[in-house]
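S.K.: Dropping the structure in here first, questions after.
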Amino acid sequence: MNCDVCREALSARIDDEPEPVPSAQVDRHLEECRACTEWYAAATAATRTLRMRAAPVTPDLTDTILARAEFGGVTPRRRGLSLSALRMILLGIGAVQCALGLAQLVGHGVGVHADHEIGSHLFNESTAWSFALGAGMVWGALSVRAVTGLIAVFGSFAAVVSVFVAHDLLRHEMSATRAESHVVLLAGLLVLVLIQRRQRGEPPEVTAAPSPIAVPPGARTGRRTGHLRSTHDPAA
């Protein structure tokens, strides 16, 4: 027996595993080989030292983990306004936007007026948009599922309107009162984004377990397989 085979068997003996060769042959080799005897003694001492060594001291993170986690592994809710509060704020902003459209319709159009045919048409379109934006905010407050689509519409509209507002203000073609009326739109867009983020951060709803199916007397549950035939059946 060579030393490599003997040491492999001795390593298995130290770990209480089956030795690859008979133990008697390993013992005879140990009696004849001083190098393997010393190797076996050193390996035994090293294994005992590792097994008897004290475990390293680690910090107890139990309280920290429990403080950051909720029952069922749900991510803790973010701080700030609740989803219900944001929906109420959006509902109020939508009402203000609708009021702006109504004021514009009755002749108090916060700086908007119609002098001729084209202006009259643009005035009507502006009034319709004011009502539509207000109605969209109200709908987003009532149904959070529509928030994502409303963000796309409001965001694109706000981006284009901001460019025109900046241009008209620089050329003194728009009153400051009319420019300030668009703040309502920006506030509504901001609340829509906050609602979407809050909705994503809400823990999933826990649904009750389905009730067992009532089976009539004599019926069996499960899929019926009596009509199936084996592929080895000649009649199949």
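The sequence shown begins at -5 in my numbering and counts up one residue at a time.
By construction, the Cβ of each residue, glycine as well, lies at the ideal position given by its N, Cα and C atoms.
#1: Short check: CB of G241 to CB of L179, under 8 Å?
#2: Nearest to S175 by alpha carbon, out of A29, L127 and A79?
#3: Can you give me the Cβ contacts of L163 inside the same chain, cut-off strictly under 7 Å, excluding the 5 residues immediately before and after it?
#4: Could you give the distance in angstroms between the alpha-carbon of Y34 and the alpha-carbon of P53?
#5: Apart from the five residues on each side of it in sequence, which residues of its chain come closer than 6 Å, Cβ to Cβ, to A6?
#6: My output table needs one value for V20: the three-state DSSP class, helix, strand or coil.
#7: Since A135 contacts L85 with CB under 8 Å, what's their CB separation in whole angstroms?
#8: What are the boundary residues of the alpha helix (DSSP H) that D(-2) is part of?
#9: Using the rule of at least 16 other Cβ atoms within 10 Å of the residue's Cβ for burial, across every protein chain shown, is L144 buried or exposed?
#10: Does the beta-carbon distance from T41 to I8 come in below 8 Å?
#11: Distance check for A89 and E167, CA to CA, integer angstroms please.
#12: Should M131 be labelled buried (16 or more other beta-carbon atoms within 10 Å of its own) or exposed?
#13: Give the straight-line distance between the Cα atoms of A160 and T142, rounded to the nearest whole angstrom.
#14: State the CB to CB distance for the pair L4 and A29, rounded to an integer number of angstroms; the pair is presumed to be in contact (CB under 8 Å).
#15: Specify, as a first and last residue, the run of the alpha helix (DSSP H) that V147 falls within.
#16: Of the residues W133, M82 and A97, which one's Cα is nearest the Cα of S120?
#17: For a test of the three-state rule: what should DSSP assign to L94, helix, strand or coil?
#18: Grab me the residues of H23's own chain with a C-beta within less than 7 Å of its C-beta, minus the 5 sequence neighbours each way, in chain order.
#19: Our contact map puts V177 next to L80 with C-beta atoms below 8 Å; I'd like the distance itself, whole angstroms only.
#20: Mapping the DSSP letters down to three states, classify E32 as helix, strand or coil.
#21: Go ahead and pull the three-state DSSP assignment for E174.
#22: May I ask you to report which of helix, strand or coil DSSP gives L75?
M.R.: Quick look at the numbers:
#1: Residue numbering for the chain in the displayed model covers -5 to 230; residue 241 lies beyond these limits and cannot be assessed.
#2: L127
#3: A173
#4: 37 Å
#5: E13
#6: helix
#7: 4 Å
#8: C(-3) to I8
#9: buried
#10: yes
#11: 28 Å
#12: buried
#13: 27 Å
#14: The Cβ separation is near 12 Å, so there is no contact.
#15: V141 to L164
#16: A97
#17: helix
#18: M(-5), C0 and C30
#19: Not a contact, Cβ separation roughly 18 Å.
#20: helix
#21: helix
#22: coil
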